[in-house]
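Visitor: Have a look at the structure that comes next, please.
Chains as they are written, first to last, in my numbering: chain A, 9 to 368; chain B, 13 to 469.
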């Protein structure tokens, strides 16, 4: 029998081997490229680390030293300019008050703030965002105007950085205008918006309260409600109370969370409705609110919730009873003596009493 | 046989291209959600870390210390001692001065009886559960029952998480709330790295060839195969060493299944099955950046035990969920992901090894030309080098930050060396694992831990 080696197979095989050779050689070449770049980076990183260390010392000497060593930072080689910028960025985040003001002055003297104004026109969104971050420390009218302009940037990151800076200085005239500028989409990170709401200055609170009653998307409304509660905006009470009845399930739950954060005793008159809500999530949130603010009227509905099918609600109700004071605890203890649905009651009593004993 | 090899290589090439695109998209996606926003945000979802431990006396304390230092605003660590026969429980209780607690939670997911629950006021987010032995799934279920947060993250007790891993892994949950059920991250090998206070302070490479080659192997598996499947929307495995799940979704499928050694893959496939059956929209992602470090086997004997176990786990899952194979109602998982596993991970090793042994025999018997034999081996080796070098390039783009020159060279040499013997051994172990599955073997085997490398005092 002769060996199997038909001609056409050999031609095909030759092509396949050539292809594999090219692939292997190409991948090795790519890796070599990475190797060269990495080697350069390692060398550069070592050099930069040493230079950055000395720049930090120079900057600290400039802003905290007894006598200003003005001019120590001028005449730096071009490769050290980005390092100096990084030192400024890092130091700005770490210091406050008069030292921060001195640092901003130093940055202005060194021309970094003027450069940031120009960088806002860059085509690279990362550069624009960094520039907006830099300008957020600058109190000059030019910087404020540039940040206002950055609110209309096409990049969300730049817009948010500008918005955060302007909110901090109470330079936003209208919350709805800001939301329109930001043009949030459903796929944008909702936490970012939550952060914006948490930073609202007092001047925007009336408008924010008004917005709760409008057709904002549910997710926004939910975050706005919680932010107003956490910021103790008492004028929002009526709007939040209305939300507990009219919003979607998640919005209603958020409204109860907000009311609890607000800590207004009037909530005791409403919380019974929340405890009877059709949604388990809302009932759970209302339980927590009842624990903090409810009067004696909430005890019967809380006790009724101990027989719920939903474990989370039972647990929240038992905790609420425990937190309600002596009367609530007695009711919980009586209930936990019964068989059947008393599992959660016993568990909460055991855990909480143990915690209280340790605490005392 | 040659046709099968050609098909295999064609698909691997396609995976490589998809992985490049997915890596680029993943790097772009991260830009808007800065870590600062996430850290400062009060409404970020809390995470319960589920840490099953069985005979992990040497590494468990260091691992918990590392987890306690994670950069994340709201998380708890639930360590479960799964009836260890060594001093795991005593080591944890002593190291963290834990005290017995009366805490009880309803057993939503089934698990063995709990002997005791321990906590300490100084570490309010650490809970230690001591329970009867029931296997890894059982321990994870016990932890799941006690989890308080909406997201749970399975972490092996022999693994170390990157400082920012949770912040990176939670991003997709923040950005796509609702339909996202799970996110997997990359597992890297810690052998040779310098660990201080439970953190990797310097990346390095091990001196031994076996773990060195596994670094390349892991990069290939995570940065080519899983990224490509993520791009195709058909992630069917998230490593048990590090994966973030929506707790409600895990409970909806009854928690982790008992009696399987591939509980991580089984859970993901079960979730796919449940949600496809229910017609609920959902998705599962793999993102390359959150990194978990694990200790790899140092010897061939340990590696063989691990690989045969993995293969048995894969076979079990494929057998358990054979009803999903080639069924259009299960979408890309049923039509693409699972069939590819059957083809390339169960049938493939048999065909590959048959090729590697039969072709030289045919040549020796004078049935095959030497040129054909040499060409076959050249293609196998060259393509193997191509895949491994591309994995190193992807690793360089996505993960490496502080690699030294000598580490890079060592990895490149390992990428070439693995084609001469290591891959062939792997094929053999896979066939052995499949055979063990057919014979009904269930044991886990033992992994000997040496502990993470610490700098000299």
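Using N, Cα and C, we set each Cβ at its ideal position, and we do this for glycine too.
All values reported here derive from a predicted model rather than from experimental measurement.
Do you know offhand how far residue 261 of chain A's Cα is from residue 285 of chain A's?
Guide: Each residue's alpha carbon lies about 10 Å from the other.
Visitor: Measure from the C-beta of residue 47 of chain A to each C-beta in chain B and report whether the shortest distance is under 7 Å.
Guide: So yes, residue 47 of chain A belongs to the interface.
Visitor: Mind listing which residues of the segment 107-119 of chain B have their C-beta closer than 7 Å to chain A's C-betas, in chain order?
Guide: Those residues of the segment 107-119 of chain B that come within reach of chain A (Cβ to Cβ, closer than 7 Å) are 114, 115, 116, 118.
Visitor: Rounded to whole angstroms, what's the CA-CA distance from residue 10 of chain A to residue 381 of chain B? Just pull it up for me.
Guide: Summary for residue 10 of chain A: the model assigns pLDDT 49, below 50, so the residue's position carries little reliability, and this model does not support an answer.
Visitor: Return yes when the Cβ of residue 217 of chain A is within less than 7 Å of the Cβ of residue 263 of chain A, no when it is not.
Guide: Contact flag unset, no.
Visitor: Mind reading off the beta-carbon distance from residue 376 of chain B to residue 236 of chain B? Whole number of angstroms is fine, and I expect it under 8 Å.
Guide: Their Cβ separation, rounded to whole angstroms, is 35 Å, which puts residue 376 of chain B and residue 236 of chain B out of contact at 8 Å.
Visitor: Evaluate contact between the segment 245-255 of chain B and the segment 189-200 of chain B, counting only Cβ atoms and requiring at least three cross-stretch pairs below 8 Å.
Guide: Contact between the segment 245-255 of chain B and the segment 189-200 of chain B is present, because at least three Cβ pairs lie under 8 Å.
Visitor: In chain A, what lies closer than 7 Å to residue 387 of chain B by C-beta?
Guide: Neighbours of residue 387 of chain B on chain A, chain order: 21, 25.
Visitor: Going along the chain, which residues of the segment 377-405 of chain B sit with their C-beta nearer than 7 Å to a C-beta in chain A?
Guide: Within the segment 377-405 of chain B, the residues whose Cβ lies closer than 7 Å to some Cβ of chain A are 378, 379, 380, 381, 383, 384, 387, 390, 391, 394, 395, 397, 398, 401, 402, 404, 405, listed in chain order.
Visitor: Give the residues from the segment 39-72 of chain A that approach chain B closer than 8 Å (Cβ to any Cβ), ordered along the chain.
Guide: Within the segment 39-72 of chain A, the residues whose Cβ lies closer than 8 Å to some Cβ of chain B are 39, 42, 43, 46, 47, 50, listed in chain order.
Visitor: Taking one C-beta from the segment 64-72 of chain A and one from the segment 93-101 of chain A each time, how about it: are there three or more such pairs within less than 8 Å?
Guide: Yes, the segment 64-72 of chain A is in contact with the segment 93-101 of chain A.
Visitor: Just the Cα atoms here: how many angstroms apart are residue 200 of chain A and residue 14 of chain B?
Guide: In a straight line, the C-alpha of residue 200 of chain A is about 54 Å away from that of residue 14 of chain B.
Visitor: By the 7 Å beta-carbon criterion, what residues does the segment 416-428 of chain B contribute toward chain C?
Guide: The structure shown has no chain C; the protein chains it does contain are A and B.
Visitor: Tell me whether residue 431 of chain B sits in a helix, a strand or coil according to DSSP, three-state version.
Guide: If DSSP states are grouped into helix, strand and coil, residue 431 of chain B belongs with coil.
Visitor: Buried or exposed: where does residue 284 of chain B fall if 16 or more other Cβ atoms within 10 Å of its Cβ makes it buried?
Guide: Per the 10 Å Cβ criterion, buried.
Visitor: Quick check: what's the CA-CA separation for residue 459 of chain B versus residue 103 of chain B?
Guide: In this predicted model, residue 459 of chain B has a pLDDT of only 49, less than 50, meaning its place in the structure is not dependable enough to derive any value.
Visitor: Here's the rule I'm using: 16 or more other beta-carbon atoms within 10 Å means buried, otherwise exposed. How should residue 55 of chain A be labelled?
Guide: It is exposed - the Cβ of residue 55 of chain A has fewer than 16 other Cβ atoms within 10 Å.
Visitor: Out of A:257, A:107, A:281, which has the shortest C-alpha to C-alpha gap to residue 230 of chain A?
Guide: Out of A:257, A:107, A:281, A:257 has the C-alpha closest to the C-alpha of residue 230 of chain A.
Visitor: Under 9 Å Cβ-Cβ, which residues of chain B neighbour residue 162 of chain A?
Guide: Ordered by position in chain B, no residue passes the 9 Å Cβ test against residue 162 of chain A, which lies about 13 Å from the chain.
Visitor: Could you tell me the alpha carbon to alpha carbon distance between residue 181 of chain A and residue 161 of chain A, rounded to whole angstroms?
Guide: Rounded to the nearest angstrom, the two C-alpha atoms are 18 Å apart.
Visitor: Checking contacts by CB at 7 Å: is residue 34 of chain B closer than that to chain A?
Guide: Chain A contact via Cβ: absent.
Visitor: Looking at the structure shown, is residue 368 of chain A part of a helix, part of a strand, or coil, going by DSSP?
Guide: At residue 368 of chain A, the pLDDT of 49 sits below 50, so the modelled position is not reliable; the number obtained from the coordinates is stated separately. Coil, per DSSP.
Visitor: Can you check whether the C-beta of residue 408 of chain B is within less than 7 Å of a C-beta belonging to chain A?
Guide: It does: the Cβ of residue 408 of chain B has a partner Cβ on chain A nearer than 7 Å.
Visitor: Does any C-beta atom of chain B lie closer than 7 Å to the C-beta of residue 319 of chain A?
Guide: Interface residue, yes.
Visitor: Would you call the segment 57-75 of chain B in contact with the segment 94-110 of chain B, where contact means no fewer than 3 C-beta pairs closer than 8 Å?
Guide: Short answer: they touch.
Visitor: Considering only DSSP beta bridges, list what residue 194 of chain B is partnered with.
Guide: The partner list for residue 194 of chain B (beta bridge, DSSP) reads B:257, B:296.
Visitor: In the DSSP assignment, what residue or residues form a beta bridge with residue 65 of chain B?
Guide: Beta-bridge pairing links residue 65 of chain B to B:93.
Visitor: Looking only at C-alpha atoms, which of B:426, B:138, B:66, B:84 sits nearest to residue 94 of chain B?
Guide: Taking only the C-alpha atoms, the option nearest residue 94 of chain B is B:66.
Visitor: If you measure from the beta carbon of residue 368 of chain A to each beta carbon in chain B, is any gap under 7 Å?
Guide: Interpretation of residue 368 of chain A is limited by its pLDDT of 49, a score under 50 that renders its predicted location unreliable; the figure taken from the coordinates is listed afterwards. It does not; no Cβ of chain B falls within 7 Å.
Visitor: Taking just the CA atoms, how far does residue 174 of chain A sit from residue 211 of chain B?
Guide: Spanning the two alpha carbons is a distance of roughly 38 Å.
Visitor: 7 Å is my cut-off, CB to CB: does residue 341 of chain A come that close to chain B?
Guide: By this cut-off, residue 341 of chain A is not an interface position.
Visitor: Please report the distance separating the alpha-carbon of residue 297 of chain A from that of residue 331 of chain B.
Guide: About 50 Å.
Visitor: In this structure, how does DSSP classify residue 135 of chain B when only helix, strand and coil are distinguished?
Guide: Residue 135 of chain B: strand per DSSP, three-state reduction.
Visitor: Applying the criterion that 16 or more other CB atoms from any shown protein chain within 10 Å of the CB defines a buried residue, is residue 198 of chain B buried or exposed?
Guide: So residue 198 of chain B ends up on the buried side.
Visitor: Could you check what DSSP says for residue 214 of chain B in three-state terms: helix, strand or coil?
Guide: In this structure, residue 214 of chain B counts as strand in the three-state DSSP scheme.
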